[in-house]
Structure formats: structure tokens, C-alpha cells
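Per our numbering, residue -2 is the first one in the sequence shown, and the count goes up by one each step.
Here a beta-carbon is modelled for each residue, glycine too, at the ideal position from N, C-alpha and C.
Only one structure is covered here, and it is reproduced in the block below.
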Amino acid sequence: MVTAPVIAIDGPSGAGKGTVSQQVAQRLGWHFLDSGALYRLVALAARNHGIALDNVEALRTLAAHLDVQFRVAEGDGQPGVILEGEDVSGAIRSEEIGNAASRVAALPAVRAALLERQRAFRVPPGLVADGRDMGTVVFPDAEVKIFLVADAAERARRRYLQLKGGDPDVRLEDLLREITERDRRDTERSVAPLKPAADAVTIDTTSLGVDQVVERVMAVCEERLAQ
């Protein structure tokens, strides 16, 4: 069975996975999977339907039947996320939903429910998959595995710059605390903990711009896809 190639880009929140993955996918003309959005969507749907984050069976059912579509906007080219017919591209990026998604992602039943949905994105000409366990669990046979890291303080600073325009009450120290707690939860969970695959290339983005990171990733892709 011939399958499409996969570039798996993993790492903690704020390391730059989303932006880099999108740009790499655009450069290659490949499909893009934001796996983190799926967990955020489960968390948002749970809030919308009044489902508690400790109701594992209800969350598993919700994940298995999630009514979601990913679209590319015609104007700015940014991906749109449609949940139950509503554009929730902005809503799923809030810190509240991000923290809830981290709790949801720690549940083995939810991860199992979403596993095949994620693998279904693997279609020609290829897929760039952004997440936390793309190279270790979802696509362990990916042709290219990248693990992006960055200092927690720098990741908090990046998030602060993203949020402060729309939320004047956002506090850098709060973001740093939330990111540190999310890192702990993601790395210590029993199923699919956040860690680089044995054959992943780790890139520290702390002092690098987006373009620099994209070029480094593309260089690894050119080398490994040519083999």
C-alpha cells in the first residue's frame, strides 16, 4: 500500500509549530493538519454542550463525532476552522480553551477517538502535521520528524504579544505560569507524552525568526525526502 509522505512537526506550546508548519505546507503545496486544533475543538464543543472535562465517556463520544471542517480563507489565506457550522478560528485560540484542550488531550479515550481522524489527513501529495505526538504516535513512520523547542519565558513573551492587542488585562507572568503548567501536564501524561521521536531533528527557536526556522526545516526536508 502506497501512502503519502508526512512531515511531522512537534513541540510544546509557543515554540512556533503552527506558523512554521503552515509555511512549510504552502512551500511544498502539501496538506496541513493542525492536530492541536482538534483537541481545542473537543474542549470548545464540550463547553458549548455543557460537558464536564472529567466526563470521559461523553468526551470520547464528542471526539468521535466532531462536526468539523478546516478551510483556507480566500482573502488572507489563513486556515479557518468550522465547528458545527460556525467559524471558531478565533475562539479555539483563547488561553481558556488551550488549557482545557491540554486536559482533554491527557485522556486516553479521547486520543484514541481522534487517532484515525488524524491519520485520514494523510493524502497525496503529502501532509505536514503539527502537534505534540505526530512523530511518536500518529505518524511514527513519517519521512521527516522535527521537534521545535524554545525557552518557556520566550514562549510566554510570544503569546503575550499575540494577545495583548485584544486583551489589555493579559499578564506575562500569568502566561508563563500557564505555559509551565501545560508543559508539565503534556510531558507527564501517561499516554503519548510530549517528547521528541528518537529520529527527530530538534531545532531551538528561542533566538530565531520564523523565516530562519522555516529554512532550517526545509533543509532537513530536502535531505530526508531525497533519500
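Can you tell me which of the three DSSP states Thr133 falls into? helix
In chain order, what residues of the same chain have a beta carbon less than 6 Å from the beta carbon of Pro2, not counting five sequence neighbours either side? Gly123, Glu140
Gly11 versus Thr203, Glu220, Val214, residue with shortest Cα-Cα distance: Thr203
Rounded Cβ spacing between Ala147 and Leu173 (contact assumed at less than 8 Å): Contact flag wrong, Cβ pair sits at about 13 Å.
For the alpha helix (DSSP H) that contains Leu160, what are its first and last residues? 149 to 160
Closest residue to Trp27 among Ala5, Leu35, Leu38, Gly13 (Cα-Cα distance): Ala5
What is the rounded straight-line gap between the Cα of Gln66 and the Cα of Asp164? 28 Å
For Val207, is the classification buried or exposed, using 16 other Cβ atoms within 10 angstroms of its Cβ as the cut-off for buried? exposed
Could you tell me which residues DSSP puts in a beta bridge with Leu80? Val65, Glu83
Using the three-state DSSP reduction, which class does Ala94 fall into: helix, strand or coil? For the record, residue 94 in the displayed sequence is Ile; it is not Ala. Ile94 falls in the helix class under three-state DSSP.
Assumed close pair Gly128, Gly33 - CB separation to whole angstroms, cut-off 8 Å: 6 Å
Span separating the alpha-carbon of Asp180 from that of Gln209: 25 Å
Ala40 versus Glu113: straight-line alpha-carbon distance, rounded: 19 Å
Tell me which residues share the same chain as Arg100 and place their Cβ nearer than 8 Å to its Cβ, disregarding the 5 neighbours each side in the sequence. Ala40, Leu50, Arg182
Short of 6 Å in beta carbon distance, which residues of its chain neighbour Ala42, apart from the five on each side in sequence? Order them along the chain. Leu59
With DSSP run on the structure shown, which of helix, strand or coil describes Lys142? strand
Integer-rounded CB distance, given that Ala189 should sit under 8 Å from Ile231: This structure gives no information on residue 231, because the portion of the chain shown stretches from -2 to 224.
Any idea which residues DSSP pairs Gly128 with across the strands? Asp7
Start and end residues, alpha helix (DSSP H) containing Thr16: 14 to 25
Span of the alpha helix (DSSP H), counted from its first residue to its last, around Thr177: 169 to 185
Helix, strand or coil at Thr202 according to DSSP, with G and I counted as helix: coil
Give every residue of the same chain whose Cβ lies closer than 8 Å to the Cβ of Gln246, excluding the five residues on either side of it in the sequence, and list them in chain order. As displayed, the chain neither begins before -2 nor continues past 224, which places residue 246 out of reach and without an answer.
Cβ neighbours of Val256 in the same chain (closer than 6 Å, five flanking residues each side left out): The structure shown does not extend to residue 256, since the chain is modelled only from -2 to 224, so the question has no answer here.
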